Amino acid sequence: MTILSELQRTSRHWSKQRAPHPSDIPVLRVQDLRVAYDGRVALEGISFSLHRGDRLAVVGPNGAGKSTLLKVIAGVLSPDDGKVDVFGHEPGGHICIAYLPQRNQVDWRFPVRVADVVMMGRVGRMGLFRNPRREDHQRVHQALETVNLTDLADRQISQLSGGQQQRMFIARALAQEAELVLMDEPLSGLDVQSQEDVFVILDALRQQEVTVLVSLHDLEIAARHFDPVLLLNRQLVGFGPAVQVLTPENLLHAYSGHLRLVETGEGTLALGDTCCDEGRHAGEPR
Amino acid sequence: MMDVILAPLQYAFMVRGMVAAVLVGVVCAVVGTYIVLRGMAFFGDALAHAILPGIAVGYLLGDGRRGSLFWWALVTAILSSLGIGAISRNTKIKEDTAIGIIFAGTFALGVALISTVRSYSVDLAHFLFGNVLGVQADDLWRMGFFGGLVLLTIWAFYKEFMVLSFDPILAATLRLPVRLLDFLLLVVIAVTIVVALQTVGVALMVAMLVTPAATAYLLTHRLAVMMALAAALASLAGVVGLYASYYLSIASGSAIVLTSTAIFGLVWGARSLLWVRD
C-alpha cells in the first residue's frame, strides 16, 4: 500500500502531473478534520475555508495543534478523519503550497548559501537530472529582490539575522510560485523592525492574491494585521474577524487556566501565558 | 627525495593499493558528506559491522573467491539498512537503539561464523582492518564500477538529496518521492561500505566515511565544494597513509585513517589558532 502510493507519487513527480486551480472555489477548505498521535487527539472537528488573498492568523495556547494543522494542510501529515481540499483537490497533488519551518528547527550550519536555499523552491518544477535553467535563475533573482536580500545572496545562511532568515524562506516560497503559504511562528524572536519588514512583504503577497496562513503567539499582532483569525485549542474555538473571535469568553475557553483577563478603564486586557514549549510549564510534570 | 617517492612504486601491489585507496577515499568522502550533514555516523559505523555475517557466509561457502564475498556483503548491507529502518519506524524504540541492537547482533553472528574455521584470527583480522595491499586487478575493476555507480547516483540526485537533507518538509511539499530517496541513500551508503571493505575493513570504515567530510565541513560553506574538498583530502590521506605504511611498517588501513585524522587535527587546530568562527 505504501509502496504503491510512493510509486504513484514518484510517477506524478517526474511526469509533472499537477492538480488544476479553478478560480471559482475556495483556496482552502478544511472539513471536520481530526488528527491523533498515538491515540492522543491533537485536532478535532476543525472546519473552515479561505479565499484568494486571505491572510489567516492561527492562534492558541502551546500544544493547541497549530503546527499540526499547518502540516496537515501542507499535505505532509495525513488526517485520521475529515478532509482538506486545496483548490478542490487533496494537498498532495499540489506543489503550490509552501511550508515555512520554525527557525529553531532549521540546521543553520548546513553548507548552503542564501541563493541556494531560495533555488530549492524551484526543485519541484525542474524535474529529474535537470540543472536550473534561465527561468529558474530569474525567479530566484526576483524573489530575492522582493524580500530585499539581493546583497546577501552569497552569504552562508548562518550569517543572517533572524529577520533576514525569515525573509529568505519567504523568498523560497516566492521562487516556488506558491499560492498558499503556511508560516509556522514566523514572528517569534524577531524585533519590531524585522516584524514590520515581514508585514511589508505579506502586504505585497496579498496584492498578488497569495493566500497566507500564519501561526502566532501574539494575540495583539493577530488582531491588528490579520483577517480572518482562527482561535484553536485542539478544537476550533472561533473563526472570523478578530473582533468576533478574540472575545473574552473565547479566550478564556481556549487558554483556560493560562490566561487572566483584567478589566481596565479602556477595555479588557488579556494576560497570556504562553511561555513554554509543547504546552508544558515550569514545574509541571511531563 | 625522488627515490623516497618512487621506491615503493616499483612494487605492483603498492601501485594497486594506491589506486584502491584513492578510489575508495573519493567515493567514501562524497557519500560521507551526507552522512556528516545528516548525523548518520553511528548508522554508517553500524552498517559496516553488520555486513560481517554476509562476508562470513561468502567466505565459508565460496572457495576464497573475492567476487562472491562482494555480493554476499552487498546483500547483507542492504538487508541490514532496511532492518534498522523497519525497527525504528514500526516500534517505539528510538533509531540509535535499533541500530545498536542490529549492529551488535549481526556482528556477533559474523564473528561466530568465522570462528568455526581454524585459521580464524588471521582471516578475521583481514575483514576487520582491511588489506589494501592485497587488492588484485579484478578487485580494482569491481571497485571502480560500483564506486562509479555511487558517484553517478549522487550526481544525478544532487539537488533532490540536498533538499531532503536540509529540509525534509520542503521535500515533501515539493512532492519529491521522499521515502524512495531516503531508501536510495541507504542503498548508496551500503554499496559504498562494500566497495571500501578491502581497503580499511569493517572496524575503521566509519573514519573513511566521516573524517574527510568533517574536515571539509570546517573549510567551506558550500555543499558541492565540501564534496570536492572531502574527496581531495581523502585521496591525499590514502596516498600519504600508504607511504607511511611502507616506511614505518605499520598496517595500511590504520595508516590511512591516522593520516586522515591528523589532517582533521591540523585543520581544526589552525582554525582555532586563527579564531575562525562560523
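Chains C and F are the protein sequences, given in the same order. Each residue of the first sequence is one higher than the one before, counting from 25 in our numbering. Each residue of the second sequence is one higher than the one before, counting from 350 in our numbering. Built from N, CA and C at the ideal position, the CB exists for glycine as well. Fair warning: this is a prediction, and the values are worked out from it, not measured in the lab.
Here the alpha carbons of residue 558 of chain F and residue 149 of chain C stand approximately 32 Å from one another. For residue 566 of chain F, the C-beta contacts it makes with chain C under 9 Å involve 133, 135, in order along the chain.
Excluding sequence positions up to five before and after residue 267 of chain C, its CB lies less than 6 Å from no other CB in the same chain.
A Cβ-Cβ separation of about 12 Å leaves residue 200 of chain C out of contact with residue 98 of chain C under the 8 Å criterion. The C-alpha of residue 446 of chain F lies about 37 Å from the C-alpha of residue 211 of chain C. At a beta-carbon threshold of 7 Å, the residues of chain F lying near residue 100 of chain C are 518, 521, 522, ordered along the chain.
Taking 8 Å as the upper bound for CB-CB distance, residue 572 of chain F and residue 511 of chain F are in contact here, some 6 Å apart. Boundaries around residue 515 of chain F are those of the alpha helix (DSSP H), 507–515, since no beta strand (DSSP E) includes it. Within chain F, the residues placing a beta-carbon under 7 Å from that of residue 180 of chain C are 570, ordered along the chain. DSSP, read as helix, strand or coil, puts residue 482 of chain F in helix. Taking CB atoms only, residue 192 of chain C has no neighbour in chain F less than 7 Å away.
Counting only the Cα atoms, residue 540 of chain F lies some 27 Å from residue 465 of chain F. If you look at residue 72 of chain C, you'll find it in the beta strand (DSSP E) that goes 64–74. Residue 408 of chain F: member of the alpha helix (DSSP H) spanning 401–410, first to last residue. With at least 16 other beta carbons inside 10 angstroms of its own, residue 205 of chain C counts as buried. For residue 240 of chain C, the closest alpha carbon among the candidates C:60, C:75, C:93, C:77 is that of C:93. Inter-residue distance for residue 87 of chain C and residue 64 of chain C is about 12 Å (C-alpha atoms, whole angstroms). Sixteen is the threshold: when 16 or more other Cβ atoms of the shown chains lie within 10 Å of the Cβ of residue 196 of chain C, as they do, the residue is buried. A straight line joining the alpha-carbon of residue 59 of chain C with that of residue 115 of chain C spans about 16 Å. When secondary structure is reduced to three states using DSSP, residue 53 of chain C falls in the strand class. Judged by their CB atoms, residue 177 of chain C and residue 138 of chain C are nearer to each other than the 7 Å cut-off. With at least 16 other beta carbons inside 10 angstroms of its own, residue 235 of chain C counts as buried.
The C-beta of residue 207 of chain C comes no closer than 7 Å to any C-beta of chain F.
Relative to the Cα of residue 430 of chain F, the nearest Cα in the group F:486, F:537, F:372 belongs to F:537. With the rule of 3 Cβ pairs closer than 8 Å, the segment 101–121 of chain C counts as touching the segment 46–58 of chain C. Look at residue 379 of chain F: its C-beta is not under 7 Å from any C-beta on chain C. Residue nearest to residue 381 of chain F within the set F:580, F:586, F:611 is F:580 (criterion: CA-CA distance). Judged by DSSP secondary structure, residue 123 of chain C falls within the beta strand (DSSP E) whose first and last residues are 121–124. At a cut-off of 7 Å between beta-carbon atoms, residue 236 of chain C makes no contact with chain F. Considering only C:136, C:154, C:224, the residue with the shortest C-alpha distance to residue 194 of chain C is C:224. A contact is defined here as three or more CB-CB pairs under 8 Å, and the segment 510–527 of chain F fails this definition with respect to the segment 434–453 of chain F. Remark: C-beta atoms of residue 423 of chain F and residue 543 of chain F approach each other more closely than 7 Å. Not one beta carbon of chain F lies nearer than 7 Å to the beta carbon of residue 279 of chain C.
Using a Cβ distance threshold of 7 Å, residue 75 of chain C and residue 46 of chain C do not count as a contacting pair.
Within chain C, the residues 134 have their CB atoms less than 7 Å from the CB of residue 386 of chain F, given in chain order. Using a CB distance cut-off of 7 Å, residue 443 of chain F does not count as an interface residue toward chain C.
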